[in-house]
Amino acid sequence: MDIDKLLWLYKTMVRSRYMEEALLNLYRQGKVPGTLHLSIGQEATEVGVIAAMQKGDLLLATYRSHCPALAIGIHPKYIISEVLGKASGVCGGIGGSMHLSEPQLGLIFTSAIVASQIPVAAGIGYALRYLKRDNVVVVFVGDGGVNNGDFHEGLNFAAILNAPVVVVIVNNQYAISMPVHKSTKVKDLATKAIAYGIEGIIVDGMNPIEVYTKAKEAIEKVRSNKTPILIEAKTYRFLGHYAGDVDQPYRSKEEVEEWKKRDPILYLRNIIKEKGFESKILEIEAEAEKEIADAVEFALNSPYPEESKMFENLW
Amino acid sequence: MDIDKLLWLYKTMVRSRYMEEALLNLYRQGKVPGTLHLSIGQEATEVGVIAAMQKGDLLLATYRSHCPALAIGIHPKYIISEVLGKASGVCGGIGGSMHLSEPQLGLIFTSAIVASQIPVAAGIGYALRYLKRDNVVVVFVGDGGVNNGDFHEGLNFAAILNAPVVVVIVNNQYAISMPVHKSTKVKDLATKAIAYGIEGIIVDGMNPIEVYTKAKEAIEKVRSNKTPILIEAKTYRFLGHYAGDVDQPYRSKEEVEEWKKRDPILYLRNIIKEKGFESKILEIEAEAEKEIADAVEFALNSPYPEESKMFENLW
Amino acid sequence: MVKMGRIVTFASALNEALYEEMERDERVILLGEDIGVFGGVYKVTKGLLEKFGPSRVIDTPISEEGIIGTAIGMAIMGLKPVAEIMYPDFLPVCMNQLVNNAVKIKYMSNGKVSSPIVVRTCIIQGRGSGATHSQVLIPIFMHIPGFQVIAPSNPYDAKGLLKSAIRSERVTLFFENVVLYQKKGEIPDGEYTIPIGSAEIKRKGKDVTITCFSSTVDIVLNAALKLEKEGIECEVIDLRTLWPLDEKTIIESVKKTGRIVTVENSWGVCGVGSEIITRVCEKAIDYLLAPPVRISPPHIPEPASPALVKKYVLSEDKVIDGIKKVIEYG
Amino acid sequence: MVKMGRIVTFASALNEALYEEMERDERVILLGEDIGVFGGVYKVTKGLLEKFGPSRVIDTPISEEGIIGTAIGMAIMGLKPVAEIMYPDFLPVCMNQLVNNAVKIKYMSNGKVSSPIVVRTCIIQGRGSGATHSQVLIPIFMHIPGFQVIAPSNPYDAKGLLKSAIRSERVTLFFENVVLYQKKGEIPDGEYTIPIGSAEIKRKGKDVTITCFSSTVDIVLNAALKLEKEGIECEVIDLRTLWPLDEKTIIESVKKTGRIVTVENSWGVCGVGSEIITRVCEKAIDYLLAPPVRISPPHIPEPASPALVKKYVLSEDKVIDGIKKVIEYG
Ligand SMILES: Cc1ncc(C[n+]2csc(CCOP(=O)(O)OP(=O)(O)O)c2C)c(N)n1
Ligand SMILES: Cc1ncc(C[n+]2csc(CCOP(=O)(O)OP(=O)(O)O)c2C)c(N)n1
Ligand SMILES: [Mg+2]
Ligand SMILES: [Mg+2]
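Chains A, B, C and D are the protein sequences, given in the same order.
Basically our numbering = 1-based index in the first sequence + 66.
Basically our numbering = 1-based index in the second sequence + 66.
Basically our numbering = 1-based index in the third sequence + 25.
Basically our numbering = 1-based index in the fourth sequence + 25.
Below is the structure:
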């Protein structure tokens, strides 16, 4: 893989990590309204997949999407502002942390109703084909979302409509407290592809290079074949389900530590370093630090939306 | 298979066929309110599976359930009365053709909302195990129901709850006008079992002996293992989706004729005849004819329910 | 007044509306169960597959969440999907896509993304199919903000309102009614649309205001005709659009008549009538000469037996009784 | 009056109710997302898995139709399932099982089969989580016949009503409220239950009747306290059970005060207030001294921004304004 791509992956993961750490900080200071779901630990999956998308490709994701939003190109200042409910947020503070949209950059929306984005992706995929656009739609869903009826109906629709949809299961091993192996009797979630007559792929979701490479292959295949593919990325969230989930009674500290050894950022950092680009790394890190500090500043200083705004856009 | 079983299968299929022909007649005379879904052609599947159930085993089925209701032991006069909305109906005329219940005989209910009976079956199965009853619950669903979210959630629940549930897909090739091969990209619906980590079996739904034998095996396996099994019975409905579906623009007359050659009643009749029991056959047919004629008479002469009845049993 | 031309049935008026809008705009796409080869269980979409092909008339599996979710995705991309959910009883099956996606996406995205879908569905109340094939459920979609709810009573309105709905930027629930499909009425030869949100006074009268919609309109008009002979002059308002509600027309009428009777085919509790009566009492209580009266089916599921169905559904007699109650009050 | 004993929070009152009912009756089984190992997202079910084991406290996948369907199956077999649907926003996800199975099976089977389930859910309105994590939706379940709808406002009622619901033969929707979980109140040491369907007059007054429930009760009581100083005596009715509605208590109160203000956290259109006001006008309009007033959040989804949330949700000020309106009318 060329160094530019590696650096982009690294930079994006670092920016996301710093942004989410800053969000967590804000949360702890009581400045975040509502709830907060962080991707820390899963960045390889989210960034790797998005890196494999082409211009015009579209994305649907979940409430855990600050990282995908950043990766697809939304500036952190607009993401943080949205989380804080500021007028400068990507959705004017109306959507909030779980509901991000920036269609011009490819992010259609993020859904806080588990799995409900999948049938929508089927429709978007159908429209892409109908409008003769040579693009695909990528849709993220958690391991917990797989057991929901909307997953089933959405995948089946995508398959029979020949819709260019890439469904990515971000299998971070838990749905809040429910371990994936208790939510289904299937060992690999990618197996579920068989039920829809489509291809299923497993990727190491802690390895950004593997995610990128395999996602790229899958996305291009979907682009040309107009048949959905299901990707299962095996990954892990290092923090609680939401920022308030501190005790995490459903998993052991050891397990968490074990997975943390596979931190995708450290992993990629080493690879790039070995290739002799340490200075680039330091540059990226310093820039990201500044960028996020500025973004937090921007968000904190932004005004809240006017009352009249809440009466707009109902229809 | 012993002759008594064969005769029971034959008798039950014949009784059902005559009953449904009588219902169709009543429909054509404008005496059936609402709609009417007939099993004619599919009797081997429905009767074969029910023959394999033991005392105390339970059944959930669909709006197309006059045949299952009869097979499980409800007298045709109560079925016909229910279809006509008479007080003597199995549900007092309140349920109607699509909503039949007779829990004492094992029929929990028939559902007119496609696939919604499957999660209910998971709960019943769980309760059977919890109550330490050595019984299973059998649930019928059409090929069209397989694509519904409730199928997905219900099968997964049954699997992870170790519920003794036997899910029988009555694959009659069409969901109203939708051919099964257009509703999914999977060749055999039994394949879907893989997605739930359970066993899937295909049976020839036109052959009552095969259905009975394989269903029996599956039911006993589920009884001892407390793990659901998915059975796909490949069958065909000879008539329209409902009684009013006469033109059937979605399939060719040739296709229908082809399948009619495999009429399960004729098939079993020949086998029994070859075994030298023709007189028994004639006896069964004569009895059934009389039984159904009497049942129609009974239903037609029964009174409608009192107005006050409709205010009962809301809760 | 629009120049009328032809007599058509309610079902064919709808078919024409779909046909014309599909011809006019390539982005209009139909999807639903049995709408293509079968032409719809009541033949409303008949011939459209043959004319517009399978990429625009999509037969779907029995996956209501899938249908609405897919329609939303299409709409987001600028297509104009018209989804069919066979009966309102199946709206609960796709309630999540309707409530949490269809009417939330535009709001939550601050207007960046929108999903203007049309959902057609056919009320089959009173047909003997029992409790799961008879529900109306309209008030639910008035309660939840973001739905435009339409329930026409005649071919002219059906065609004009469906065309408006397809062109609208809002999420529309369009309630048809099996009782009306064969009803005939006059429609113009040429193109026309009807503004969404406006009720129509079907009959002027000074004694009592009666609101109704869908299949209840004819029942009320017949009742009004009978009462005319007894000297009672009913003002009959066909709401046509349930949401946004044409409050102005209703309130003005009540200010004139001093009496209000609401008639609906859905249940009364938290229903259309309770909303209308509340508005009347909030804004014109001093004009009321008698307590308001709500007429609706009893608050129970619909029984299957034809003998009971007759008692369950609205009848002219029930409407007449209700009207007399407000008139005789004083 | 019941002898009081201990001060507990709303959340622990619920936990006690579940604990006691599970101990009392082996057939009581809990199921839902994250209720076991996690003890519930707000810890209402904490400790129950440890005490009663995984066969009675079942952590489920994210399959709301699956949860309700499974609960229905259990109930049919004589078990007493208490299902948790995390937030009311997810009730649309399982609306089909609720509407078409839970409240239809007994009716359609002519009483041969019944499925008395309890569904607990927690309103998280006003917390900044946006439009899909803030809905109340109570009026929907009043509209559809067959649900018993409960929304307590304090620990005492919460415990007593949940116990009654679990013992009831009806399908219950039990609305908790995150705003109330840490609220403290006195409860008796011993066993008690509260009859479902009875409202409670929290405060006597002669000038105006105010209905409220769940989190709105404290807001109204605070408003009433302030208005007392201005010489306005409010009669505050905590509905407690939304359906069946305790019409008698409301009507009697209005006959005394001559004024009605309804307060609710769900939307107003076809809402709780519209049902109550309609009944008041149907049965006691001649007693009214002023037009009725409905107070509810605006008819839009809930925005996320805390600045807007504040404007969106009910406040004491809005309640006071509403009350003054009816008082000042004359
Ligand atoms: C339909 C629905 N049910 C329940 C919830 C509450 N909930 C939010 S996130 C979550 C767990 C999701 O787990 P998973 O799909 O694995 O995604 P992850 O959070 O691990 O990224 C649950 C149960 C919801 N948002 N939507
Ligand atoms: C949820 C739902 N959607 C739609 C329908 C309308 N409908 C009734 S039967 C049917 C076709 C069912 O096909 P299948 O499952 O194959 O069963 P079959 O009728 O062939 O026995 C449809 C679409 C319904 N009853 N429920
Ligand atoms: Mg997960
Ligand atoms: Mg079929």
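Backbone N, C-alpha and C define an ideal beta-carbon position, used for all residues, glycine too.
These figures come from a predicted structure and were not determined experimentally.
At a cut-off of 8 Å between beta-carbon atoms, residue 120(C) makes no contact with chain A.
Residue-level contact check: residue 334(C) does not touch chain D, since none of the beta carbons of chain D fall below 8 Å from its beta carbon. When 128(A), 233(A), 263(A) and 150(A) are compared, the shortest CA-CA separation from residue 180(A) is found for 128(A). DSSP places residue 246(D) within a helical segment (H, G or I) once states are collapsed to three. When 137(A), 122(A), 305(A) and 259(A) are compared, the shortest CA-CA separation from residue 200(A) is found for 122(A). For residue 189(A), the nearest beta carbon of chain C is closer than 8 Å to its own beta carbon.
At a cut-off of 8 Å between beta-carbon atoms, residue 377(A) makes contact with chain D.
Between the stretch 106-115 of chain A and the stretch 276-291 of chain A, the count of C-beta pairs closer than 8 Å reaches three or more; the two stretches touch. In this structure residue 192(B) is in contact with residue 98(D), their Cβ atoms being roughly 7 Å apart against a cut-off of 8 Å. For the beta strand (DSSP E) assignment, the uninterrupted runs of no fewer than 3 residues enclosed by the stretch 154-182 of chain A are, from N- to C-terminal side, 173-177. For residue 177(B), the number of other beta carbons within 10 angstroms of its own is at least 16, and it is reported as buried. Here residue 105(A) has 82, 86, 112, 130, 131, 132, 133, 134 and 303 as same chain residues with Cβ atoms under 8 Å from its own Cβ, once five neighbours each way along the sequence are excluded. With the rule of 3 Cβ pairs closer than 8 Å, the stretch 262-276 of chain C does not count as touching the stretch 328-340 of chain C. When CB distances to chain D are screened at a threshold of 9 Å, not a single residue of the stretch 140-151 of chain B falls below it. Look at residue 332(B) here: in three-state DSSP terms it is helix. Of the residues 184(B), 240(B) and 190(B), the one whose Cα lies closest to the Cα of residue 209(B) is 240(B). Residue 282(B): member of the alpha helix (DSSP H) spanning 274-291, first to last residue. If you ignore the 5 residues before and after residue 208(C), its C-beta comes within less than 6 Å of the C-beta of 35, all in its own chain and listed in chain order. Comparing C-alpha distances from residue 330(A) to each of 342(A), 301(A) and 204(A) shows the shortest one belongs to 301(A). At least one beta carbon of chain D lies nearer than 8 Å to the beta carbon of residue 215(B).
With fewer than 16 other CB atoms across the displayed protein chains lying within 10 angstroms of its CB, residue 80(D) is exposed.
Remark: C-beta atoms of residue 174(A) and residue 184(A) do not approach each other more closely than 8 Å. Under the three-state reduction of DSSP, residue 306(C) is assigned to helix.
DSSP links residue 210(D) through a beta bridge to 33(D). For residue 225(A), the closest Cβ of chain C is not nearer than 8 Å.
Within 8 Å of the CB of residue 193(A), the CB atoms of chain C belong to 98, 99, 101, 102, 103 and 104, in sequence order along the chain.
Chain-order list of chain A residues neighbouring residue 219(B): 213, 214, 215 and 218, by C-beta distance under 9 Å. Using a cutoff of 7 Å, the CB of residue 128(B) counts as near ligand 2, since one of the ligand's heavy atoms is closer than that. Of 256(B), 360(B) and 264(B), the smallest CA-CA separation from residue 146(B) is found for 360(B).
In terms of Cα proximity to residue 230(B), the closest of 295(B), 167(B) and 262(B) is 295(B). In the DSSP assignment, residue 237(A) falls within the unbroken beta strand (DSSP E) covering 231-237.
Annotation: Cβ neighbours of residue 152(D) in chain A (cutoff 9 Å, chain order): 99, 100 and 101. Excluding the 5 residues flanking it on each side, residue 99(A) has same chain C-beta neighbours closer than 6 Å at 151, in chain order.
The Cβ-Cβ distance between residue 163(A) and residue 101(A) falls below 8 Å.
Contact check for residue 55(D) against residue 82(D) passes: the beta carbons are separated by less than 8 Å. Not a single CB atom of chain B sits nearer than 8 Å to the CB of residue 229(A).
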